[in-house]
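Sequence order for the protein chains is A and B.
Every position in the first sequence, counted from 1, becomes a number in the numbering used here once 1 is added.
Every position in the second sequence, counted from 1, becomes a number in the numbering used here once 1 is added.
In this text, a Cβ means the ideal position worked out from N, Cα and C, and glycines have one as well.
Report on the structure given below.
There are 2 protein chains.
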Amino acid sequence: MNEEMLSKTVLFKGLSKEEIHDALLALQARELLYKKDASILLAGSKTDKMGLVLEGSVRIESNDVWGNRTILSHVGPGQFFAETYAFLHNEPLLVDVVANKDSRILFLQIHILKETNAATHTWVLKLLTNLLVVTAHKNLVLSGRSFHTSPKTIRGKVLAYLNSVALQSGSHRFDIPFDRQQLADYLNVDRTALSKELGKMKTEGLITFEKNHFEIQKSADF
Amino acid sequence: MNEEMLSKTVLFKGLSKEEIHDALLALQARELLYKKDASILLAGSKTDKMGLVLEGSVRIESNDVWGNRTILSHVGPGQFFAETYAFLHNEPLLVDVVANKDSRILFLQIHILKETNAATHTWVLKLLTNLLVVTAHKNLVLSGRSFHTSPKTIRGKVLAYLNSVALQSGSHRFDIPFDRQQLADYLNVDRTALSKELGKMKTEGLITFEKNHFEIQKSADF
DNA sequence: ATGATTATGTGGCAACGGCAACATACTTCT
DNA sequence: AGAAGTATGTTGCCGTTGCCACATAATCAT
Numbered sequence: 002m003n004e005e006m007l008s009k010t011v012l013f014k015g016l017s018k019e020e021i022h023d024a025l026l027a028l029q030a031r032e033l034l035y036k037k038d039a040s041i042l043l044a045g046s047k048t049d050k051m052g053l054v055l056e057g058s059v060r061i062e063s064n065d066v067w068g069n070r071t072i073l074s075h076v077g078p079g080q081f082f083a084e085t086y087a088f089l090h091n092e093p094l095l096v097d098v099v100a101n102k103d104s105r106i107l108f109l110q111i112h113i114l115k116e117t118n119a120a121t122h123t124w125v126l127k128l129l130t131n132l133l134v135v136t137a138h139k140n141l142v143l144s145g146r147s148f149h150t151s152p153k154t155i156r157g158k159v160l161a162y163l164n165s166v167a168l169q170s171g172s173h174r175f176d177i178p179f180d181r182q183q184l185a186d187y188l189n190v191d192r193t194a195l196s197k198e199l200g201k202m203k204t205e206g207l208i209t210f211e212k213n214h215f216e217i218q219k220s221a222d223f
Numbered sequence: 002m003n004e005e006m007l008s009k010t011v012l013f014k015g016l017s018k019e020e021i022h023d024a025l026l027a028l029q030a031r032e033l034l035y036k037k038d039a040s041i042l043l044a045g046s047k048t049d050k051m052g053l054v055l056e057g058s059v060r061i062e063s064n065d066v067w068g069n070r071t072i073l074s075h076v077g078p079g080q081f082f083a084e085t086y087a088f089l090h091n092e093p094l095l096v097d098v099v100a101n102k103d104s105r106i107l108f109l110q111i112h113i114l115k116e117t118n119a120a121t122h123t124w125v126l127k128l129l130t131n132l133l134v135v136t137a138h139k140n141l142v143l144s145g146r147s148f149h150t151s152p153k154t155i156r157g158k159v160l161a162y163l164n165s166v167a168l169q170s171g172s173h174r175f176d177i178p179f180d181r182q183q184l185a186d187y188l189n190v191d192r193t194a195l196s197k198e199l200g201k202m203k204t205e206g207l208i209t210f211e212k213n214h215f216e217i218q219k220s221a222d223f
């Protein structure tokens, strides 16, 4: 396991190599590989493990009985998922976690933190604090999606989403982590209607795009 | 301040009266009163205080430039808000916090937790762990709303929401914390269209309601 | 390369919902 | 009690979007 790389993640920030090594052992860290579109965690089940994406990416989604999919978020390398469920530890998952590409995932039994003696293990307090940062950020991501889906028109949703990605990337040229169907499922709209609207927005000069690369025209920053 | 009552909240669970007293001092606890509809925290500002609703209730909402309101959640007595922002502590708020009734709020400078010596203060570790439970639950609330808003028809949204409230209350008869306009803003739909759909659902025998009291007919549990 | 599979875009149609204007309760205040 | 304000429901119309069927483009496997 690469303690070097882990120390750059939010969760292990501020921990020494030795502390990380110790923590990985205590939390029973396990590495697993998943093929694209393989499901990692299933809605309705329970988990005591949180995941760290080492390579690839995963998406958090929900599939109802009628086949409607809602994508809640995309989790890239160095980011975490299921920490909420792993920590609470007997809440059934409301969502599925699916590999978006071939992925390498590190699992951590984070609930063990609650039972570990912080006095004798210097890393416990650090991990708890860092985990709080992780869940707090996750909160921001979830509220963020609310703002992307709340506009009533497709155009409104698309602009809300693209502006937010542009803001984060610090540029008006950027890639999005979704294909069309996924973007539609993230914004809770019909894919073909999304395609139509994207087309219109391109003709009107608001945006340009090709595949998953987008550019927002300056005039559109209103 | 009532340590008795506080010890029943998620955040102070497991702390002794003395620990709570100590913590309140260290976190510079302040109690404030708000009139119905007074704003407590403003989007765009930053806060280093999280709130605990002692009496009354607040709502978390977002108001865009065109006057569209989106309600993210309702926070009742004994529950917390703004813990995300208070802990991260220099993230600008994405939302407004507004008093839904006349309310008594306890504010805590929770970020002080990060700088307090856990070795000499027994309550620090407990509060950190409990705070993690709070943010984890907040995550579930936020994902929950996603499932209430993702159906494409108003009826679908209403049923998703009502079923979820029924499940939590453990009964098919329950009160909701929203008036019509607020419910519409929570579900991201037009109020009059919501009224129409509720009316239809009543005539069809799916639900009955009066003001904010609802009943789901057993046949509707599909 | 060729065919098969997947991704994206287009056209048409019906319906759901947003909006405006109004009607009818129900509160609150003096 | 009466008036003013607020909450909820109703009606009608038009636009947006969901959905279906299909076209075209891109990707993958052999």
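Residue 74/A: first and last residue of the uninterrupted beta strand (DSSP E) it sits in: Counting from 1 along the first sequence, the entry for residue 74/A is found at position 73. Counting along the chain, the beta strand (DSSP E) containing residue 74/A begins and ends at 70-76.
Can the beta-carbon of residue 199/B be found closer than 8 Å to that of residue 109/B? Within the second sequence, residue 199/B is the residue found at index 198, counting from 1. Within the second sequence, residue 109/B is the residue found at index 108, counting from 1. No, the pair does not count as a contact, with Cβ atoms beyond the cut-off.
Thinking just about the alpha-carbon of each residue, which of 147/A, 170/A, 175/A, 215/A is nearest to the one in residue 71/A? To locate residue 71/A, count along the first sequence from 1; it is residue 70. Nearest C-alpha to residue 71/A: 147/A.
Taking a contact to mean a Cβ-Cβ separation below 8 Å, would you say residue 94/B touches residue 44/B in this structure? Residue numbering aside, residue 94/B sits at position 93 when the second sequence is read from its first letter. Residue numbering aside, residue 44/B sits at position 43 when the second sequence is read from its first letter. Yes. Within cutoff.
N- and C-terminal bounds of the beta strand (DSSP E) containing residue 214/B: Residue numbering aside, residue 214/B sits at position 213 when the second sequence is read from its first letter. For residue 214/B, the enclosing beta strand (DSSP E) has its first and last residue at 214-217.
Does the separation of the CB atoms of residue 98/B and residue 177/B fall below 8 Å? Residue 98/B sits at position 97 when you count from the first residue of the second sequence. Residue 177/B sits at position 176 when you count from the first residue of the second sequence. Taking 8 Å as the Cβ cut-off, residue 98/B and residue 177/B do not qualify as a contacting pair.
Where the stretch 116-133 of chain B meets chain A: residues whose CB sits under 9 Å from a CB there: 119, 120, 125, 126, 129, 130, 132, 133
Contiguous beta strand (DSSP E) assignments of at least 3 residues, all confined to the stretch 6-89 of chain A: 31-35, 40-42, 51-56, 59-64, 70-76
Out of curiosity, what's the CA-to-CA distance linking residue 158/A and residue 23/B? Along the first sequence, one-based indexing puts residue 158/A at 157. Along the second sequence, one-based indexing puts residue 23/B at 22. Using only the alpha carbons, I get a separation of about 47 Å.
Skipping 5 residues on each side, what residues in its chain have a beta carbon closer than 7 Å to that of residue 215/B? Counted from its first residue, the second sequence places residue 215/B at position 214. These residues qualify, in order along the chain: 163, 175, 177, 208.
Going by CA-CA distance only, name the one from 195/A, 52/A, 21/A, 75/A that's closest to residue 87/A. Residue numbering aside, residue 87/A sits at position 86 when the first sequence is read from its first letter. For the residues 195/A, 52/A, 21/A, 75/A, the minimum Cα distance to residue 87/A belongs to 52/A.
Whole runs of the beta strand (DSSP E) within the stretch 86-144 of chain B, excluding any shorter than 3 residues: 97-100, 104-109
Check whether residue 129/A and residue 133/B have beta carbons under 8 Å apart: To locate residue 129/A, count along the first sequence from 1; it is residue 128. To locate residue 133/B, count along the second sequence from 1; it is residue 132. Contact: yes.
I'd like the span of the beta strand (DSSP E) that includes residue 208/A, first residue to last. For the purposes of this step, residue 208/A is taken as the residue at position 207 of the first sequence. 208-211 is the extent of the beta strand (DSSP E) around residue 208/A.
Cutoff 6 Å; reference residue 13/A; Cβ partners in own chain excluding five residues on either side: Translated into positions along the first sequence, residue 13/A becomes position 12. The answer, listed in chain order, is 7, 21.
Can you look up residue 180/A in the DSSP assignment and give me helix, strand or coil? Walking along the first sequence from the start, residue 180/A turns up at place 179. Here residue 180/A sits in coil by DSSP.
State yes or no: is the C-beta of residue 85/A within less than 8 Å of the C-beta of residue 126/B? Taking the first residue of the first sequence as 1, we reach residue 85/A at position 84. Taking the first residue of the second sequence as 1, we reach residue 126/B at position 125. No.
Would you tell me roughly how many angstroms separate the C-alpha atoms of residue 11/B and residue 206/A, rounded to the nearest one? Residue numbering aside, residue 11/B sits at position 10 when the second sequence is read from its first letter. Residue numbering aside, residue 206/A sits at position 205 when the first sequence is read from its first letter. About 51 Å.
Taking 8 Å as the CB-CB limit, is residue 137/B close to chain A? Looking up residue 137/B in the second sequence gives position 136. Answer yes: the Cβ-Cβ gap between residue 137/B and chain A drops below 8 Å somewhere.
Within the continuous alpha helix (DSSP H) that includes residue 170/B, where are the two ends? Within the second sequence, the letter at position 169 stands for residue 170/B. Per DSSP, residue 170/B belongs to the alpha helix (DSSP H) from 155-170.
First and last residue of the uninterrupted alpha helix (DSSP H) at residue 151/A: Translated into the one-based positions of the first sequence, residue 151/A becomes position 150. It is not in any alpha helix (DSSP H) - residue 151/A carries neither H nor E in the DSSP assignment.
Alpha carbon to alpha carbon, what distance is there between residue 115/A and residue 153/A? Within the first sequence, numbered from 1, the residue matching residue 153/A stands at position 152. Within the first sequence, numbered from 1, the residue matching residue 115/A stands at position 114. So the two alpha carbons sit approximately 43 Å from each other.
Through-space distance from residue 61/A to residue 144/A, alpha-carbon basis: Within the first sequence, numbered from 1, the residue matching residue 144/A stands at position 143. Within the first sequence, numbered from 1, the residue matching residue 61/A stands at position 60. Going by the C-alpha atoms only, they are around 15 Å apart.
Which residues, in chain order, does the stretch 45-77 of chain B contribute to contact with chain A at a C-beta distance below 8 Å? Sequence-ordered contacts of the stretch 45-77 of chain B with chain A read 63, 69, 71, 73 [C-beta pairs closer than 8 Å].
Residue 217/A vs residue 173/A beta-carbon contact at 8 Å: Here residue 217/A corresponds to residue number 216 of the first sequence, with the count starting at 1. Here residue 173/A corresponds to residue number 172 of the first sequence, with the count starting at 1. In contact: residue 217/A and residue 173/A (Cβ atoms closer than 8 Å).
Just how far apart, CA to CA, sit residue 221/B and residue 35/B? For the purposes of this step, residue 221/B is taken as residue 220 along the second sequence, with counting starting at 1. For the purposes of this step, residue 35/B is taken as residue 34 along the second sequence, with counting starting at 1. Low per-residue confidence applies at residue 221/B: pLDDT is 41, beneath 50, and the placement is therefore not dependable, though the value from the model is reported in the following sentence. If you take the alpha carbons of residue 221/B and residue 35/B, they lie about 40 Å apart.
Would you mind reading off the limits of the alpha helix (DSSP H) that contains residue 205/A? Taking the first residue of the first sequence as 1, we reach residue 205/A at position 204. Looking at the DSSP string, residue 205/A is not in any alpha helix (DSSP H), and its letter there is neither H nor E.
Is the CB of residue 96/B under 8 Å away from at least one CB in chain A? Mapped onto the second sequence, residue 96/B falls at position 95. Chain A contact via Cβ: present.
Compute the Euclidean distance between the alpha carbons of residue 151/B and residue 188/A, then round it to the nearest angstrom. As a first step, residue 151/B must be located in the second sequence, where it is residue number 150. As a first step, residue 188/A must be located in the first sequence, where it is residue number 187. So the two alpha carbons sit approximately 9 Å from each other.
Considering only residues of the same chain and omitting the five flanking positions on each side of residue 181/B, which have a CB-CB separation below 7 Å? The residue you call residue 181/B lines up with position 180 of the second sequence. Closer than 7 Å at Cβ, skipping near neighbours: 192, 195, 196.
Taking the alpha-carbon positions, what's the residue 50/A to residue 91/A distance? The residue given as residue 50/A occupies position 49 in the first sequence. The residue given as residue 91/A occupies position 90 in the first sequence. Rounded to whole angstroms, residue 50/A to residue 91/A spans 11 Å at the Cα level.
Pull up the distance between the alpha-carbon of residue 67/A and that of residue 5/A, whole angstroms please. For the purposes of this step, residue 67/A is identified with residue 66 of the first sequence, where counting begins at 1. For the purposes of this step, residue 5/A is identified with residue 4 of the first sequence, where counting begins at 1. Using only the alpha carbons, I get a separation of about 45 Å.
Can you name the residues of chain B whose CB is closer than 8 Å to the CB of residue 17/A? Within the first sequence, numbered from 1, the residue matching residue 17/A stands at position 16. Under the 8 Å cutoff, chain B gives no residues; its nearest Cβ is about 18 Å from residue 17/A.
Using 8 Å as the threshold, is the C-beta distance between residue 102/A and residue 57/A below it? Counting from one through the first sequence, the residue named residue 102/A turns up at place 101. Counting from one through the first sequence, the residue named residue 57/A turns up at place 56. It is a contact, given that the beta carbons lie within the stated cut-off.
Anything in the stretch 143-160 of chain B with a Cβ closer than 9 Å to a Cβ of chain A? List those residues in chain order, please. 143, 144, 145, 146, 147, 148, 150, 151, 152, 153
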